[in-house]
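2 protein chains.
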Amino acid sequence: MSMRAAVFREPRTIEVAERPDPQIKEPTDAIVRVLLACVCGSDLWFYRGESPYEPGVPVGHEFIGIDEEVGSDVHTLAKGDLVVAPFAYCDGTCPHCLNGITTSCVNGGVWGLRGNDGGQGEAVRSPLADGTLVRVPGSGHSDQTLRSLLTLSDVMATGHHAAVCAGVRPGSVVAVVGDGAVGLCAVIAARRLGASRVIALSRHPDRQKLAQTFGATEIIEERGDEATKAVLDSTDGVGVDAALECVGTGLAMTTAFDIARPGGTVGFVGVPHGVELPVGTMFSRNIGARGGGAPVRAHIPELLDDVLEGRIDPGLVFDFETNLNGIDEAYAAMDERRAIKSLVRMA
Amino acid sequence: MSMRAAVFREPRTIEVAERPDPQIKEPTDAIVRVLLACVCGSDLWFYRGESPYEPGVPVGHEFIGIDEEVGSDVHTLAKGDLVVAPFAYCDGTCPHCLNGITTSCVNGGVWGLRGNDGGQGEAVRSPLADGTLVRVPGSGHSDQTLRSLLTLSDVMATGHHAAVCAGVRPGSVVAVVGDGAVGLCAVIAARRLGASRVIALSRHPDRQKLAQTFGATEIIEERGDEATKAVLDSTDGVGVDAALECVGTGLAMTTAFDIARPGGTVGFVGVPHGVELPVGTMFSRNIGARGGGAPVRAHIPELLDDVLEGRIDPGLVFDFETNLNGIDEAYAAMDERRAIKSLVRMA
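Protein chains in written order, with the numbering used here: chain D, 35 to 381; chain B, 35 to 381.
And the structure:
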């Protein structure tokens with residue numbers, strides 16, 4: 035038996051291949067039949083040939099689906115459960131998982147690599163299913179809800195991580211650097227944590243509009259030094275309590291530190307490429323920095339309720355939709371910035 | 035009328051000069067007759083010629099004394115009050131002061147520079163006295179208490195800042211990198227905030243002993259990679275919740291990040307010299323960094339009670355004592371590491 039799944043072929047070519055149907059290998063495994071998957075901004079690094087990826091290896095790390103089979107040592111999940119998969123799997127029991135940093139799980143790993151199935155495919159074997167997959171309560175969820183649940187795999191939980199790392203709390207003045215799906219979700223997260231002002235840095239009208247839908251109170255269109263000046267002007271020269279860096283470039287990081295007030299914090303979740311942290315500025319102005327790959331698994335439970343009860347609707351970041359046959363176009367649309375984020379409907 | 039005060043002459047020469055008796059210039063000023071002053075590890079940078087300092091300019095930024103005169107617009111202090119001076123002055127009313135980052139005060143500055151008196155002298159004009167000087171309640175304090183009050187000017191409050199920046203809380207596992215006066219005070223601070231374990235990195239028997247007196251639960255003598263290995267061995271491979279970097283060198287910072295657990299924090303208060311923050315490590319392991327020049331003025335009030343009630347005794351860091359005539363020797367003793375910290379008795 036085989037299934038169809040997206041694999042990397044070469045830069046700018048993602049293709050659909052036949053792969054063996056996933057089977058339970060360990061009693062802690064579960065097999066997930068994928069409902070919805072999507073393309074991540076970080077997938078564009080290998081798509082563009084800017085980071086290495088082996089030809090023929092499956093791709094995708096964000097998906098929701100239905101448990102088709104669970105191993106004999108899986109206790110929190112059952113066949114038929116709707117589950118959200120975080121972008122990395124983890125055991126849930128090691129010291130780092132217990133400390134909330136599931137991305138540092140001593141037994142963890144990521145989808146696609148090292149023989150694992152990728153999320154952009156019909157089915158996935160999940161190792162460590164109890165520690166990894168989050169069961170979604172209820173049934174008959176709307177497509178809108180399912181789309182929002184899918185964002186908990188990565189972008190919504192990552193935006194939330196940026197806000198948590200930056201210490202956003204009720205009354206905080208926040209700026210979000212980056213208007214990709216993560217930055218837009220960071221706007222939701224900042225408001226959800228009680229920020230009184232959320233300044234979104236965005237030059238694209240469609241993204242500005244979505245940022246406002248998500249609760250941004252101000253839009254700043256400038257970049258670089260001009261953006262810094264605009265944020266400082268808007269805050270009486272003080273700067274923001276929390277700057278959420280959701281890009282990963284040196285320019286974005288520089289802007290984030292320049293707009294943070296003394297004693298403020300930069301929360302950074304863009305994978306750093308060519309970034310240096312300005313230790314002198316951090317020291318002289320007491321600006322903290324915290325970030326990293328989001329321990330999504332630890333964040334999902336508290337976000338899940340808000341999605342199910344309709345308090346947040348991060349699924350609006352999907353503005354392009356296709357199925358597995360259109361996977362290459364799903365990448366191209368994001369690469370060419372025609373799409374904020376591409377949804378891939380598997381079933 | 036004139037007074038005597040220490041001034042910088044040239045590298046390795048601090049001398050006593052006659053300077054005009056300080057006078058009230060602004061109604062917000064106070065004149066402080068200095069009781070005790072001391073030499074800071076950061077003073078050694080100009081002493082050694084490693085950072086610039088103008089010949090003839092007064093030195094010293096840590097002192098306690100008695101208010102000799104207060105301006106007409108000073109409301110919280112009166113003649114005769116015993117006061118602690120933080121190492122930087124501030125207005126206490128600007129947005130940064132109100133936010134607790136008094137070192138970023140829009141009207142602030144440091145002792146010695148720009149026409150200000152230095153702390154290593156008989157008397158000091160304090161600008162912005164209400165915002166700057168902290169009145170010590172009670173009277174008849176013992177010399178031991180006065181010595182501990184003096185550390186609130188800088189080293190104890192700075193060690194506390196490292197612990198606060200690193201998020202030390204009840205039950206934290208903490209390591210302190212650096213066994214200078216600040217590092218030793220950071221041991222006190224970590225225990226005071228409830229750390230269950232404090233690992234002190236120190237190679238010097240006298241400093242190890244003081245670290246233990248201050249509450250260190252373990253001493254690690256190794257440096258660099260060996261120190262990292264020892265800390266990880268001691269924490270079941272997990273690392274520490276909080277690494278307090280109290281040196282300012284690249285090696286100390288590297289060690290601090292290497293021993294921090296995923297999700298942990300490096301609190302850094304050593305003035306960075308040749309330091310680069312390891313953004314890749316910070317991202318992959320979700321390790322935060324926060325630090326800077328300590329907003330001592332904001333920290334003094336809560337530490338003051340603990341000193342007055344004898345719960346902490348940071349004055350033990352002073353293991354060399356002289357008077358103003360011995361100021362050059364006070365520097366030399368620290369420069370040659372014969373002293374942890376030099377006290378200069380003015381009256």
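C-beta: ideal position from N, C-alpha, C; glycine also. Because the structure is a prediction, the values reported are computed rather than measured.
Are residue i and residue j closer than 9 Å when you measure CB to CB?
i      : j      : result
C280/D : F248/D : no
A191/B : A229/B : no
V330/B : D188/B : yes
G214/B : G83/B  : no
A157/B : V68/B  : yes
A119/D : I98/D  : yes
D101/B : A64/B  : yes
L338/B : V170/B : yes
S173/B : L266/B : no
V378/D : Q242/D : no
I135/D : G326/B : no
M368/D : L78/D  : yes
A40/B  : G152/B : yes
L311/B : L184/D : no
V313/D : P335/B : no
I346/D : R226/D : yes
T289/B : G308/B : no
E44/B  : P89/B  : yes
D107/B : T179/B : no
G301/D : G273/D : no
H130/B : P296/D : yes
A366/D : R46/D  : yes
Can you tell me whether residue i is buried or exposed? The criterion is at least 16 other CB atoms within 10 Å of its CB, across all chains shown.
i      : result
V140/D : exposed
H95/B  : buried
Q57/B  : exposed
L167/D : buried
R319/D : buried
S36/B  : exposed
T262/B : buried
D240/D : exposed
T127/B : exposed
Figure out for me which residue from the options has the closest Cα to the Cα of residue i.
i      : options                           : result
A277/B : A234/B, Y87/B and E343/B          : A234/B
R181/D : F354/D, L78/D, G282/D and K113/D  : F354/D
A223/D : Q57/D, P348/D and N357/D          : P348/D
F352/D : E343/D, R345/D and R371/D         : R371/D
F121/D : G172/D, P89/D and A163/D          : A163/D
A332/D : G308/D, I321/D, L311/D and H195/D : H195/D
T251/D : V208/D, G142/D, K263/D and V309/D : V208/D
A364/B : C72/B, E88/B and T62/B            : C72/B
I374/D : V144/D, S236/D, S176/D and R46/D  : S236/D
A381/B : L70/B, L244/B, F42/B and P45/B    : L70/B
E60/D  : E103/D, R295/D and E52/D          : E103/D
G360/D : M35/D, V50/D and V303/D           : V50/D
T269/B : S206/B, H175/B and V303/B         : S206/B
R21/B  : V202/B, V232/B and M35/B          : Any question about residue 21/B goes unanswered here, given that chain B covers just 35 to 381.
L231/D : V210/D, V216/D, L244/D and G193/D : The residue you asked about is not Leu; residue 231/D is Arg in the sequence shown. The shortest Cα separation from R231/D among V210/D, V216/D, L244/D and G193/D belongs to V210/D.
W145/D : L132/D, P161/D and C131/D         : P161/D
A245/B : V272/B, A261/B, G114/B and G217/B : G217/B
E343/B : L132/B, S176/B, F42/B and R159/B  : S176/B
Y123/B : V221/B, R159/B, G212/B and G193/B : R159/B
F42/D  : V91/D, S36/D, E52/D and M35/D     : V91/D
T110/B : G165/B, D275/B and F317/B         : G165/B
G304/B : G142/D, P204/D, R46/D and M316/D  : M316/D
N133/B : D275/D, P204/D, V66/D and G284/D  : D275/D
G282/B : G212/B, L350/B and E256/B         : G212/B
Does the beta carbon of residue i sit closer than 9 Å to a beta carbon anywhere in chain C?
i      : result
P296/B : In the structure shown, chain C does not exist; the protein chains are D and B.
Return yes when the C-beta of residue i is under 8 Å from any heavy atom of the ligand FMN, and no when it is not.
i      : result
A229/D : Among the ligands in the structure shown, none appear at all, so the ligand FMN cannot be discussed.
Pull out every residue of the segment 316 to 343 of chain B whose Cβ sits closer than 8 Å to any Cβ of chain D, in chain order. Of all residues in the segment 316 to 343 of chain B, those with a C-beta nearer than 8 Å to a C-beta of chain D are M316, F317, S318, R319, N320, I321, G322, A323, R324, G325, G326, G327 and P329, reading in chain order.
Of the residues that make up the segment 120 to 135 of chain B, which ones have a beta carbon closer than 9 Å to any beta carbon in chain D? Using a CB distance below 9 Å, the part of the segment 120 to 135 of chain B facing chain D consists of P129, H130, N133, G134 and I135, ordered along the chain.
Let me know the alpha helix (DSSP H) ranges lying completely inside the segment 102 to 159 of chain B, each 4 residues or longer, listed in chain order. Scanning the segment 102 to 159 of chain B from its first residue to its last, the whole alpha helix (DSSP H) runs of 4-plus residues come out as 129 to 132.
Inside the segment 52 to 82 of chain B only - alpha helix (DSSP H) runs reaching at least 4 residues: Those alpha helix (DSSP H) runs which fall completely within the segment 52 to 82 of chain B and span 4+ residues are 77 to 81.
Cβ-based contacts, 9 Å cut-off: residues of the segment 134 to 151 of chain D near chain B: Residues are counted here when their Cβ sits less than 9 Å from a Cβ of chain B; for the segment 134 to 151 of chain D these are G134, I135, T137, S138 and V140, given in chain order.
Would you list, in chain order, the members of the segment 265 to 277 of chain B that have their beta-carbon closer than 7 Å to a beta-carbon of chain D? Those residues of the segment 265 to 277 of chain B that come within reach of chain D (Cβ to Cβ, closer than 7 Å) are V272.
At which residue ranges does the segment 259 to 320 of chain B contain complete beta strand (DSSP E) runs of 3 or more residues, listed in the order of the chain? Segments of the beta strand (DSSP E) lying fully in the segment 259 to 320 of chain B: 274 to 279 and 294 to 302.
Can you give me, in chain order, the residues of the segment 206 to 229 of chain D that have a beta carbon less than 8 Å from any beta carbon in chain B? Residues of the segment 206 to 229 of chain D that bring their beta carbon within less than 8 Å of a beta carbon in chain B are absent altogether.
Starting from the N-terminal side, write out each stretch of the beta strand (DSSP E) that is 3 residues or longer and does not extend beyond the segment 147 to 216 of chain D. The segment 147 to 216 of chain D contains these whole beta strand (DSSP E) runs: 157 to 160 and 207 to 211.
Give the residues from the segment 297 to 311 of chain D that approach chain B closer than 8 Å (Cβ to any Cβ), ordered along the chain. Residues passing the 8 Å Cβ filter: G297, T299, F302, V305, P306, V309, E310 and L311.
Going along the segment 162 to 173 of chain B in order, which residues come within less than 7 Å of chain D, judged by CB to CB distance? Answer in chain order: no residues at all.
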